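Visitor: Protein chains in written order, with this note's numbering: chain A, 754 to 1451; chain B, 180 to 274. Quick one: the structure is below, and I'll ask about it shortly.
Structure (structure tokens):
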């Protein structure tokens, strides 16, 4: 018995050891041995734990195997292992995986079947099977395959419907989709998708495909004309059919741009739909959208089109605060156009009033935007003022010369629609009409190839203005371009002057001929020169005036230069940057330029007194009385003489009070008399000296 | 502000009807009294009425007429006989 017990203890120790080590299989056997001999709850519990752990290990093994086979795409084997594992531990994820595998297996079967059907030419069946395979595998390629097979099966509508929900990105699918669209009379969509087929696609460059595209284009054209005719026949020009006309427009425009179909009729159709759309958009106040239809501008513009553009840009500028430049171009041209303004009123006076009212509308609108800080409007206002003046000028000319009426337009309009040469030629032929040479040159200049530069100048854009000056131009417009160049250079020179750029002199080189034509610019630079205060600024203006004066020495520029010279001299002298002698030289030069320069005269006189006083003081300090006498005698300034005699008077008073020998005193007094008489023989001090001499002799 | 829209009238409406339209607009209260008054004032004056008519209306009738004539006088050149389209990627189902 003791031996049996000893054996049981050994088995239990071994069982516990194996349990601790995680060897649940052997531990379970040992615990079962003990439990059969000596049953206890404790052993039963341990046996249960072992069984649980053994099942867990098995579960893991099965799952591992299942995954291994799934990876190898051996779906049946994988499914077997997963199902066995599920029996051990029915976990949710395992159930999902089993379902997935079953689905995939089904899909694979469908796919295999679909391929077989396709190979045997049963495209419709194959399409159905690909859809089934997709239901299992969720691979969009399968749906593309299905859609393509529907095309082959001539199930075009179903194919279109299938393609619509897919991302058709490969060229074969694009061809199939386009073909299905064409076969369902959706020619435009077909062509659009065929246009995206890559050049690498074998069919892309083939004659057959090119011909097929042409065929579809023709079918589209036929369809559009048929649709259009029906709409017109049934009087369906209402907004209700706006979208239909819009589609016809888009599609016919596409054909015009992409096909070789005869253009005339197609153009007419496109234009018809375009203007109808414009009318609908106008009613809906969708002015900005109208731009898409009105741009780019046609090469030629007739009266009705001009009116339409003018009104549209008026509304666009009014509602958006943009496109002022385009608005001005059309508005001024339209309002002064004979045929357009004739529609205002049959009475001339009333017609004029209406035009003025419309001009005021435009000006108020631009001004209002400009005052609210709109930069484009600010520039536009300057352009407006000039363009308006120019067009009004031409209009006045048209009263004398009726041919002008035909040419009445803004300069930008002339440039855009090729009328500039004609207008320039007309201006040249009517030079006598203009009030002055500048009016003539400005009018021609605005219409010349340098007009753009002039507008930049008006907008204060100096750099741009200089940059766009034409280097080559037609000899017919030479005088106008030259005028513009001179104006731009002059303004750029002023601009440089103001910002301290030393290049100004280069741009003033051509100022002289400009001043000849328009003296106001000379006045402008003179005024600017006379109001500046800073020394550096005065210096620059002096140089500028000097440059202008060297080229065109007129009295005004000469006097201004003289004055500015003195002002700069004074400013430098006051800052101790100039000594008296140099200052005197400047003043003399200024007086030479303009002897009536009062400032120079007064300053020079004052300077000379200072200079002589200084020399007199120096001579006296060095006891060079002969020199002092000469300075006082030669001086025209009474201040210098007074100073001399004051000095002598002080010395005389001193001498009277001094104790000295009689002879010595008399000798000195005689010298005093000699000096003073040399300066002024009639000066009163001479009597005083005589009196003192007499007194001392007594 | 389009005075014709405010008063819901067409171009060249007689003055008498403009007054009536203004009354109607007042009753409808779609626009403020001030807007209606301004619209009426603009359209009662001959000069400003003509100016407003110019900026409020466009006439595309002439364009349409010209284009319509052009599109009808010629025949569109469609490819001869217009045969049915042929599938170019292999054969189609013959069933």
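Glycine included, C-beta positions come from ideal geometry on N, C-alpha and C. Note that this is a predicted model, so its numbers are computed, not measured.
Could you name the residues of chain B that residue 929 of chain A contacts, counting a contact when the two beta carbons are closer than 8 Å?
Guide: Numbered from its first residue, the first chain carries residue 929 of chain A at position 176. For residue 929 of chain A, the chain B residues whose Cβ falls inside 8 Å of its Cβ are 268, in order along the chain.
Visitor: Within the region 1371-1427 of chain A, note down every full alpha helix (DSSP H) run reaching 4 residues or more, in order along the chain.
Guide: 1378-1387, 1391-1410
Visitor: By the 10 Å Cβ neighbour count, where 16 or more other Cβ atoms means buried, how is residue 1048 of chain A classified, buried or exposed?
Guide: Here residue 1048 of chain A refers to the residue found at position 295 when the first chain is read from its first residue. Classification of residue 1048 of chain A: exposed, given that the 10 Å Cβ count is below 16.
Visitor: Cβ of residue 1020 of chain A within 7 Å of any heavy atom in the ligand FMN?
Guide: In the structure on display, the ligand FMN does not appear, and there are no ligands present to speak of.
Visitor: Starting from the beta carbon of residue 925 of chain A, find every residue of chain B whose beta carbon is closer than 8 Å, and list them in chain order.
Guide: In the first chain, the residue the question calls residue 925 of chain A occupies position 172. What residue 925 of chain A touches in chain B: 268.
Visitor: Going by Cα to Cα distance, which pick from A:1243, A:1266, A:967 is closest to residue 1257 of chain A?
Guide: Locating residue 1257 of chain A in the first chain gives position 504, where the first residue counts as 1. Among A:1243, A:1266, A:967, the Cα nearest to that of residue 1257 of chain A is on A:1243.
Visitor: Give the single residue among A:1086, A:1177, A:1347 whose Cα lies nearest to the Cα of residue 1193 of chain A.
Guide: For this step, residue 1193 of chain A is matched to residue 440 along the first chain. With distances taken between Cα atoms, residue 1193 of chain A lies closest to A:1177.
Visitor: If we ignore side chains and look at the alpha-carbon of each, how far apart do residue 785 of chain A and residue 774 of chain A end up?
Guide: Along the first chain, read from residue 1 onward, the residue named residue 785 of chain A stands at position 32. Along the first chain, read from residue 1 onward, the residue named residue 774 of chain A stands at position 21. When only Cα atoms are considered, residue 785 of chain A and residue 774 of chain A end up about 17 Å apart.
Visitor: As a quick exercise: from A:955, A:933, A:953, pick the residue whose alpha carbon is nearest that of residue 945 of chain A.
Guide: To locate residue 945 of chain A, count along the first chain from 1; it is residue 192. The shortest C-alpha separation from residue 945 of chain A is found at A:933.
Visitor: Hey, does residue 227 of chain B have any beta-carbon neighbour from chain A nearer than 8 Å?
Guide: As a position in the second chain, residue 227 of chain B is number 48, starting the count at 1. Yes, residue 227 of chain B counts as interfacial toward chain A.
Visitor: DSSP state of residue 939 of chain A, grouped into three classes?
Guide: On the first chain, residue 939 of chain A is found 186 positions in, with the first residue counted as 1. Residue state, collapsed to three classes: coil.
Visitor: Would you kindly report the start and end of the unbroken alpha helix (DSSP H) that includes residue 787 of chain A?
Guide: For the purposes of this step, residue 787 of chain A is identified with residue 34 of the first chain, where counting begins at 1. Unbroken alpha helix (DSSP H) run through residue 787 of chain A: 777-790.
Visitor: Using a beta-carbon distance cut-off of less than 7 Å, what residues from the region 1011-1044 of chain A approach chain B?
Guide: 1014, 1015, 1017, 1018, 1021, 1022, 1024, 1025, 1028, 1029, 1031, 1032, 1035
Visitor: Assuming residue 1339 of chain A and residue 1365 of chain A make a contact with CB atoms under 8 Å, what is their CB distance in whole Å?
Guide: Working through the first chain from its first residue, we reach residue 1339 of chain A at position 586. Working through the first chain from its first residue, we reach residue 1365 of chain A at position 612. No, residue 1339 of chain A and residue 1365 of chain A are not in contact; Cβ-Cβ is about 18 Å, not under 8 Å.
Visitor: The alpha helix (DSSP H) that contains residue 1245 of chain A, what's its start and end?
Guide: Along the first chain, one-based indexing puts residue 1245 of chain A at 492. Element bounds for residue 1245 of chain A: 1231-1252.
Visitor: Quick check for students: name the residue ranges of the alpha helix (DSSP H) that lie wholly in the region 928-1006 of chain A, counting only runs of 4 or more.
Guide: The alpha helix (DSSP H) runs lying completely inside the region 928-1006 of chain A and spanning 4 residues or more are 940-947, 960-986, given in chain order.
Visitor: Would you list, in sequence order, the uninterrupted alpha helix (DSSP H) runs of no fewer than 4 residues that lie entirely inside the region 1290-1364 of chain A?
Guide: 1308-1327, 1333-1346
Visitor: Looking at residue 1046 of chain A and residue 1075 of chain A, is the spacing between their C-beta atoms short of 8 Å?
Guide: By 1-based counting over the first chain, the position of residue 1075 of chain A is 322. By 1-based counting over the first chain, the position of residue 1046 of chain A is 293. Not closer than 8 Å, so no.
Visitor: Excluding the 5 residues preceding and the 5 following residue 1312 of chain A in the sequence, name in chain order all residues of the same chain whose CB lies nearer than 6 Å to its CB.
Guide: As a position in the first chain, residue 1312 of chain A is number 559, starting the count at 1. For residue 1312 of chain A, where only same-chain residues beyond five positions count, the Cβ hits under 6 Å are 1347.
Visitor: In chain order, what residues of the region 1104-1124 of chain A put their CB closer than 8 Å to some CB of chain B?
Guide: The residues in question are 1106, 1107, 1110, 1111, 1114.
Visitor: Counting only beta-carbon atoms, is residue 258 of chain B nearer than 8 Å to chain A?
Guide: Taking the first residue of the second chain as 1, we reach residue 258 of chain B at position 79. Caution applies to residue 258 of chain B, whose pLDDT of 46 falls short of 50 and renders its modelled position unreliable; the value that the coordinates give is listed next. For residue 258 of chain B, the nearest CB of chain A lies under 8 Å from its own CB, placing it at the interface with that chain.
Visitor: Can you find a C-beta in chain A that's less than 8 Å from the C-beta of residue 239 of chain B?
Guide: Walking along the second chain from the start, residue 239 of chain B turns up at place 60. Yes, residue 239 of chain B counts as interfacial toward chain A.
Visitor: Assign residue 1361 of chain A to one of two classes, buried (16 or more other C-beta atoms within 10 Å of its C-beta) or exposed (fewer than that).
Guide: Working through the first chain from its first residue, we reach residue 1361 of chain A at position 608. Classification of residue 1361 of chain A: buried, given that the 10 Å Cβ count is 16 or more.
Visitor: Given that residue 934 of chain A touches chain B, what residues does it touch there, using C-beta distances under 7 Å?
Guide: Mapped onto the first chain, residue 934 of chain A falls at position 181. One finds nothing in chain B with a Cβ atom closer than 7 Å to the Cβ of residue 934 of chain A; even the nearest lies about 11 Å away.
Visitor: CB-CB under 6 Å to residue 1010 of chain A, same chain, minus the five flanking residues each way: which ones, in chain order?
Guide: In the first chain, residue 1010 of chain A corresponds to position 257, counting from 1. The answer is none, since no qualifying residue turns up.
Visitor: Pick helix, strand or coil for residue 909 of chain A, following the three-state DSSP scheme.
Guide: Translated into positions along the first chain, residue 909 of chain A becomes position 156. In this structure, residue 909 of chain A counts as helix in the three-state DSSP scheme.
Visitor: When you compare only the Cα positions, how much space is there between residue 1422 of chain A and residue 1359 of chain A?
Guide: Counting from 1 along the first chain, the entry for residue 1422 of chain A is found at position 669. Counting from 1 along the first chain, the entry for residue 1359 of chain A is found at position 606. Each residue's CA atom was taken as its position, placing residue 1422 of chain A and residue 1359 of chain A some 33 Å apart.
Visitor: Looking only at its own chain, which residues have a Cβ that is under 8 Å from the Cβ of residue 1288 of chain A, when we skip the five neighbours before and after it?
Guide: The count along the first chain starts at 1 and reaches residue 1288 of chain A at position 535. Counting only Cβ-Cβ distances below 8 Å, and skipping sequence neighbours, we find 1321, 1324, 1325, 1328.
Visitor: Evaluate contact between the region 230-243 of chain B and the region 858-878 of chain A, counting only Cβ atoms and requiring at least three cross-stretch pairs below 8 Å.
Guide: Remark: fewer than three beta-carbon pairs, one from each stretch, lie closer than 8 Å, so the region 230-243 of chain B and the region 858-878 of chain A are not flagged as touching.
Visitor: For the alpha helix (DSSP H) containing residue 1275 of chain A, list its first residue and its last residue.
Guide: Residue numbering aside, residue 1275 of chain A sits at position 522 when the first chain is read from its first letter. Taken as a continuous stretch (DSSP letters only), the alpha helix (DSSP H) holding residue 1275 of chain A covers 1272-1284.
Visitor: With burial defined as no fewer than 16 other Cβ atoms inside 10 Å of the residue's Cβ, what is the status of residue 1427 of chain A: buried or exposed?
Guide: The count along the first chain starts at 1 and reaches residue 1427 of chain A at position 674. Residue 1427 of chain A comes out exposed.
Visitor: Alpha carbons only, please: which of A:1417, A:1415, A:1412, A:1372 is nearest the one belonging to residue 1396 of chain A?
Guide: Here residue 1396 of chain A corresponds to residue number 643 of the first chain, with the count starting at 1. Residue A:1372 holds the alpha-carbon nearest to the alpha-carbon of residue 1396 of chain A among A:1417, A:1415, A:1412, A:1372.
Visitor: So is residue 902 of chain A buried or exposed if we call it buried at 16+ other beta carbons inside 10 Å?
Guide: The residue given as residue 902 of chain A occupies position 149 in the first chain. It is buried - the Cβ of residue 902 of chain A has at least 16 other Cβ atoms within 10 Å.
Visitor: Apart from the five residues on each side of it in sequence, which residues of its chain come closer than 6 Å, Cβ to Cβ, to residue 916 of chain A?
Guide: As a position in the first chain, residue 916 of chain A is number 163, starting the count at 1. Closer than 6 Å at the Cβ level, and outside the excluded window around residue 916 of chain A, lie 900, 930.
Visitor: According to DSSP, simplified to helix, strand and coil, what is residue 210 of chain B?
Guide: In the second chain, counting from the first residue as 1, residue 210 of chain B sits at position 31. Three-state DSSP puts residue 210 of chain B in coil, outside helix and strand.
Visitor: Have a look at A:1406, A:1198, A:1259 and flag the residue whose alpha-carbon is nearest the alpha-carbon of residue 1168 of chain A.
Guide: Position 415 of the first chain, counting from 1, holds the residue named residue 1168 of chain A. The shortest Cα separation from residue 1168 of chain A among A:1406, A:1198, A:1259 belongs to A:1198.
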